[in-house]
Amino acid sequence: MPVGTGRCPSGMLFNTQQDMCDFPENVDCGSVPLPPDFEQSSTVTSQTTLTDEEEKTTAMPSTTHSCPAVDDPVVPMYLPKVDDCASYILCYHGNPLLMQCPNGLVWNTASSICDLPENAKCQAIYQDPYGCPETGSEVLAHPTNCKKFIYCLNGISRVQVCQMFKHFDPVAKECVLGKC
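Counting from 1, position 44 in the sequence shown corresponds to residue 44 in full-length UniProt numbering; the numbering is continuous, with no gaps.
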């Protein structure tokens, strides 16, 4: 698996269990002592493994984007996807791979990372995949899994999972005991 070095967006930390940048409330740094010369930074080095809620990769026809025929595997080449801020192109051995940023993040061309929308100057408009309202908070039923629900905060969705033996009740807007 590739090892990469990157930087988390401001206000996010690297989640070693998920191998991705995440919101601070989801990251357990434990009692890891910081070195004396530690500077508050979010640089990360990790092995990349992907799950359904992380970045997704899709092979694309090579004529869609102009990846160089030969690229440097040590310094990856990224291209923005002009019609979708939440996606970008990773050039791998001359082939373009469509990459999807985790929910709520968009591609920041300047820093080559998935970033918070306010940090990325993307021209395409980010549309939340679950229809979260642009302002405020709301809880929505997951469209395909009754054991999950969507927590919306200011237009950004977060998929949440109910505790064991519970399912999401869209009327009560909470997880309740019972079967779907």
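Built from N, CA and C at the ideal position, the CB exists for glycine as well.
Quantities reported herein were computed from a predicted structural model and do not represent experimental measurements.
Contact under 8 Å by Cβ, residue i with residue j
i: Phe149; j: Phe168; result: yes
i: Tyr88; j: Pro80; result: yes
i: Pro133; j: Gly155; result: yes
i: Ala120; j: Asn103; result: no
Alpha-carbon to alpha-carbon, residue j and residue i
i: Tyr78; j: Ala69; result: 14 Å
i: Ala172; j: Cys67; result: 50 Å
i: Ala86; j: Pro24; result: 21 Å
i: Gln47; j: Leu153; result: Because Gln47 sits at a pLDDT of 32, beneath the cut-off of 50, its placement in the model cannot be relied upon, and the point is left open.
i: Cys29; j: Gln163; result: 23 Å
i: Gln18; j: Ser112; result: 20 Å
i: Pro96; j: Gly178; result: 46 Å
i: Tyr151; j: Arg158; result: 5 Å
i: Val44; j: Val75; result: Here Val44 scores only 32 on pLDDT, less than 50, and its place in the model is too uncertain to base an answer on.
i: Val176; j: Glu138; result: 18 Å
i: Ala110; j: Asp83; result: 17 Å
i: Asp101; j: Gln160; result: First, the residue type needs correcting, since residue 101 is Cys and not Asp in the sequence shown. Rounded to the nearest angstrom, the two C-alpha atoms are 18 Å apart.
Where the beta strand (DSSP E) through residue i begins and ends
i: Asn108; result: Val106 to Asn108
i: Glu174; result: Glu174 to Leu177
Expected contact under 8 Å - CB spacing of residue i and residue j to nearest Å
i: Lys147; j: Cys180; result: 7 Å
i: Leu116; j: Leu105; result: 7 Å
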